[in-house]
């Protein structure tokens, strides 16, 4: 029923969604059609407004030009009145009139011609005709019939000279216009007619001419009586309008017609043609005012073609419709996508739960596998360690050590895989404890000292004096990163050197973010330093990043400057260290450099076959560096070498903070060599700087020279020293690198000192120390030197060698005891309970603790531990396995803590302190090194954590922190 209901709901939603979509389409279409109609109407309205504007513009210009012409005709009328009638004798004749009108024709461009007709009464006709010499004629060139008065033309412009002697009153309409003009005193127009010359439609403008100037209030009878004649001008309307339209733009769009609408029922067209009845385009009519109130004129304008609808009125609604469709589609698709995402979300939640369950199962599996694999392997390693403490011949000891190395390699591989799993699950946590970075670097070098001597390569470390002596961070992970890088370098280097440097980031020019491409233009042949051409590298062999070595070493203090790395000298709360590991090995092929940090990746199959390894170390190192807030990068050139550089951030110990040397487990160097003088014979600047670094840590003042003569010159400056026989006087030490050593060098030194002492007896011959990279030089040097130091160099090794060479008392101060001496001092006579279900592990743990003087008792179960730990008991500490049958270590610890709490409350009911003073230190002891195991140990009441096999350093830290405290 549930599934059917879900299907019905889905169908209902599908139907509703489609209905909504159809409604949306219809609404959008209707809206867009209405919008199109609106835009179309607006477009036509704009066209009509444009037509109106164009028509009114043409009508105004026609009126203005016509008015100007009327004014000029009026001026001519005044001219005739003034010079013909008001002058005696008259100053105007035909020749003068014709000449004047011809010369002023430019002022009347719209007139075809002007003429003056004199008013002649019938009684004066004969006299007038006799005076003029011609007979008054009608428009048809016939003698004018008898009438009460005439208006013959006596003056005319040359262009219309053919109208001379014609009676302007011979026509009925002309007669009415003349009579109306003299009665009103204004210009009057005739109806349109065809002009004689041009055969165009035109009109005649008539102005009355009076004998004298009339006052404004004159009556009509007085006007008629004072009329002397009539001045007329012929307008060619067609030419007038044509010239006007030629001056304006847009004539190709509209048609212009000019009408005489005096008879409204039958308007006379003055310009243009009648449009056909089918032409229904919009039109506009504008009334013209030519100054004659009796006659009506207007201008009609219309488009030649019906105005088209604007493109925007089509594209805009169409675009809106498309947008509406897109919006609808987006909404439709978004709803579908939302449903899909919602469904996928529910699926992802299920998958997440499954993944979390799988992650828990994987963690449990790793913990179990780790414990089950490491437990027997720890037994093997423990037994091998016990076997090495017995009397073995050389072959037996070599086989045992080889087996131990193989076992540790397997444990290391397991630890790397577990580290990778913890990093992937995000459960790897970093410590924050004080540590000495110089001791960390020395420890890493000591791990690979045997391998480097076997290969004959030089392994060296240098830590800048700017690096604080105590930092706060995770020393184990810091050492793991350097160990991985140095291990790879030693593995892949067959000649040359491996050089570790530690600097502060602000003192080093870094290119951490730049992608290192293959270096074009470099010769891949290895360059070895000759006697005359020394490369500024540790071994004199070319390195991948040549700028990394000497530029950094030059930051060394001067010879007289001592190391000053105290806690209070640091002003910053955090520092960023830059660590570089440089080698002259086989390098990384260019095609493999992009995948160097990928897990389980090596350059090619031959790399794994020839050198071994899993290819996981660099990946883990990169992850650890990033967890510590840094970056890692490298420069590599095939057959030249590689330089790996990484940065990490640490806290600086605050000024005045008390640092427990036991917790930091740093190496304490002797002070008996402070002030001692030494000369170092070495031509390589980098190698000499590294040697000076280690000697300066012991307080020895070192002067670097490149020849034996320079060394003896330095020694000869100490005259008091050469002749001194004071007991206990610190000797002068001469350190010589192997490549500058001569078997007869000690004899040469003595002879030259005798010569420089001017024959005096030299009591103190300097001690000669040979610096070499191989054990074989011990046999070669023999008695020619006072001591030989086989690299890699460490301050503690130098101190031991010098004490032996100088016959000093052994360094027995408690503060400088090694870890074994401390452990014996701390555990001697202590009662320790060891709980483990594996008899081999019990035996190994008991032997390890007994070695340091502890009294050990063993049990094989948690119930057995509870029985022995019933209060009161004799034990000072308990090492307990966490995975045991019947009762595991977690439950046993909870029972012990409960028992202690109840016993303490019975004895001290008034004390509410949750931590009893009878609390027994319980340390977890297991092969499982997962973070969850450690958290469970703390949760159940355990004090600390020791992983199998128990190493001296781990045991030391646990005992000093929990048992002794």
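Numbering (the numbering used here), first residue to last: 383 to 1347.
Using N, Cα and C, we set each Cβ at its ideal position, and we do this for glycine too.
With 16 as the cutoff for other CB atoms within 10 Å, does residue 1189 come out buried or exposed? Your numbering for residue 1189 matches position 807 in the chain shown. With fewer than 16 other Cβ atoms within 10 Å, it is exposed.
Check for me: the alpha helix (DSSP H) holding residue 956 runs from which residue to which? For the purposes of this step, residue 956 is taken as residue 574 along the chain shown, with counting starting at 1. Element bounds for residue 956: not the alpha helix (DSSP H) but the beta strand (DSSP E), 956 to 965.
Have a look at 1123, 920, 532 and flag the residue whose alpha-carbon is nearest the alpha-carbon of residue 1150. Numbered from its first residue, the chain shown carries residue 1150 at position 768. The shortest C-alpha separation from residue 1150 is found at 1123.
Beta-ladder partner(s) of residue 498, from DSSP: Along the chain shown, one-based indexing puts residue 498 at 116. According to DSSP, which records beta bridges pairwise, residue 498 is partnered with 537, 613.
Would residue 637 pass as a contact of residue 684 if the rule is Cβ separation under 8 Å? Looking up residue 637 in the chain shown gives position 255. Looking up residue 684 in the chain shown gives position 302. For residue 637 and residue 684, yes; Cβs fall inside 8 Å.
Identify every residue that forms a DSSP beta bridge with residue 793. Mapped onto the chain shown, residue 793 falls at position 411. In DSSP, residue 793 forms no bridge with anything.
Please report how far the alpha carbon of residue 818 lies from the alpha carbon of residue 728, in whole angstroms. Position 436 of the chain shown, counting from 1, holds the residue named residue 818. Position 346 of the chain shown, counting from 1, holds the residue named residue 728. Each residue's alpha carbon lies about 52 Å from the other.
Since residue 589 and residue 563 are thought to touch, with beta carbons under 8 Å apart, how far apart are those beta carbons, to the nearest angstrom? Your numbering for residue 589 matches position 207 in the chain shown. Your numbering for residue 563 matches position 181 in the chain shown. With a Cβ gap of about 7 Å, residue 589 and residue 563 count as contacting.
How would you call residue 550, buried or exposed, if buried means at least 16 neighbouring beta carbons within 10 angstroms? Numbered from 1 along the chain shown, position 168 holds the residue referred to as residue 550. That one is buried.
Since residue 507 and residue 533 are thought to touch, with beta carbons under 8 Å apart, how far apart are those beta carbons, to the nearest angstrom? Here residue 507 refers to the residue found at position 125 when the chain shown is read from its first residue. Here residue 533 refers to the residue found at position 151 when the chain shown is read from its first residue. 12 Å between Cβ atoms; not a contact.
Hey, how far is the Cα of residue 1224 from the Cα of residue 865? One-based indexing of the chain shown puts residue 1224 at position 842. One-based indexing of the chain shown puts residue 865 at position 483. Near 31 Å, if we compare the C-alpha coordinates of residue 865 and residue 1224.
Cβ of residue 1368 within 8 Å of Cβ of residue 967? Residue numbering for the chain in the displayed model covers 383 to 1347; residue 1368 lies beyond these limits and cannot be assessed.
State the Cα-Cα distance for the pair residue 804 and residue 748, rounded to the nearest angstrom. The sequence position of residue 804 within the chain shown is 422, counting from 1. The sequence position of residue 748 within the chain shown is 366, counting from 1. The alpha-carbon of residue 804 is positioned some 10 Å away from that of residue 748.
Closest to residue 582 by C-alpha separation, out of 599, 621, 456, 594, would be which residue? On the chain shown, position 200 is the one that residue 582 refers to. Of the listed residues, the one whose Cα sits closest to residue 582 is 621.
Give me, in chain order, the residues of the same chain whose beta-carbon lies closer than 7 Å to that of residue 1351; leave out the 5 immediate sequence neighbours on both sides. In this structure the chain extends from 383 to 1347, so residue 1351 is not present and cannot be described.
Can you tell me whether residue 1359 is buried or exposed, with buried defined as 16 or more other CB within 10 angstroms of its CB? As displayed, the chain neither begins before 383 nor continues past 1347, which places residue 1359 out of reach and without an answer.
CA-to-CA distance, residue 716 to residue 424, given in whole angstroms: Sequence index remark: in the chain shown, residue 424 carries index 42 (1-based). Sequence index remark: in the chain shown, residue 716 carries index 334 (1-based). Residue 424 and residue 716: Cα-Cα distance of roughly 38 Å.
Quick one: Cα of residue 1329 to Cα of residue 1119, how far? If you number the chain shown from 1, residue 1329 lands on position 947. If you number the chain shown from 1, residue 1119 lands on position 737. Whole-angstrom Cα-Cα distance: 43 Å.
Output the boundary residues of the beta strand (DSSP E) element that contains residue 1031. The residue given as residue 1031 occupies position 649 in the chain shown. Start and end: 1023 to 1034.
Between the region 1074 to 1085 and the region 1170 to 1183, do three or more beta carbon pairs fall short of 8 Å? Yes, they touch.
With 16 other Cβ atoms within 10 Å as the buried cut-off, status of residue 975: Here residue 975 refers to the residue found at position 593 of the chain shown. Result: buried.
Exposed or buried, what is residue 734 when buried is set at 16 or more other beta-carbons lying within 10 Å of its beta-carbon? As a first step, residue 734 is located in the chain shown; it is residue number 352 there, counting from the start. Label assigned to residue 734: exposed.
Under a three-way DSSP split, which group does residue 972 fall into? Within the chain shown, numbered from 1, the residue matching residue 972 stands at position 590. Of the three classes helix, strand and coil, the one that applies to residue 972 here is helix, per DSSP.
Would residue 1214 and residue 1168 qualify as a contact pair, given that the criterion is a beta-carbon distance under 8 Å? One-based indexing of the chain shown puts residue 1214 at position 832. One-based indexing of the chain shown puts residue 1168 at position 786. Not closer than 8 Å, so no.
According to the Cβ coordinates, are residue 711 and residue 680 closer than 8 Å? On the chain shown, position 329 is the one that residue 711 refers to. On the chain shown, position 298 is the one that residue 680 refers to. In this structure, residue 680 does not lie closer than 8 Å to residue 711 by Cβ.
Where residue 476 and residue 539 are concerned, what is the direct C-alpha to C-alpha distance, given to the nearest angstrom? Along the chain shown, read from residue 1 onward, the residue named residue 476 stands at position 94. Along the chain shown, read from residue 1 onward, the residue named residue 539 stands at position 157. If you take the alpha carbons of residue 476 and residue 539, they lie about 9 Å apart.
Can you tell me where the beta strand (DSSP E) holding residue 552 begins and where it ends? Counting from one through the chain shown, the residue named residue 552 turns up at place 170. Careful: residue 552 lies outside any beta strand (DSSP E) and carries neither H nor E.
To the nearest angstrom, how far is the alpha carbon of residue 648 from that of residue 414? Locating residue 648 in the chain shown gives position 266, counting from the first residue. Locating residue 414 in the chain shown gives position 32, counting from the first residue. Straight-line Cα distance between these residues: approximately 47 Å.
Is the CB-CB distance between residue 889 and residue 928 below 8 Å? By one-based count along the chain shown, residue 889 stands at place 507. By one-based count along the chain shown, residue 928 stands at place 546. Result no, Cβ atoms of residue 889 and residue 928 do not sit closer than 8 Å.
Please go through the region 1253 to 1302 and give each complete alpha helix (DSSP H) segment of 4 or more residues, from N-terminal end onward. 1271 to 1289
Hey, how far is the Cα of residue 612 from the Cα of residue 488? If you number the chain shown from 1, residue 612 lands on position 230. If you number the chain shown from 1, residue 488 lands on position 106. When rounded, the distance between both Cα atoms is 22 Å.
Locate the alpha helix (DSSP H) running through residue 836, then write down its first and last residues. Stepping through the chain shown from its first residue, residue 836 is reached at position 454. Looking at the DSSP string, the run of the alpha helix (DSSP H) that includes residue 836 is 831 to 837.
Residue range of the alpha helix (DSSP H) that residue 634 falls in? Here residue 634 refers to the residue found at position 252 of the chain shown. Residue 634 -> no alpha helix (DSSP H), and no H or E assigned at all.
8 Å Cβ cutoff met for residue 1090 and residue 1059: Counting from 1 along the chain shown, the entry for residue 1090 is found at position 708. Counting from 1 along the chain shown, the entry for residue 1059 is found at position 677. Contact flag unset, no.
Exposed or buried, residue 1338, counting other C-beta atoms within 10 Å across all chains shown (16 or more means buried)? Counted from its first residue, the chain shown places residue 1338 at position 956. With 16 or more other Cβ atoms within 10 Å, it is buried.
Starting from the N-terminal side, write out each stretch of the beta strand (DSSP E) that is 3 residues or longer and does not extend beyond the region 837 to 889. Fully enclosed beta strand (DSSP E) runs of 3 or longer: 840 to 845, 853 to 855, 879 to 886.
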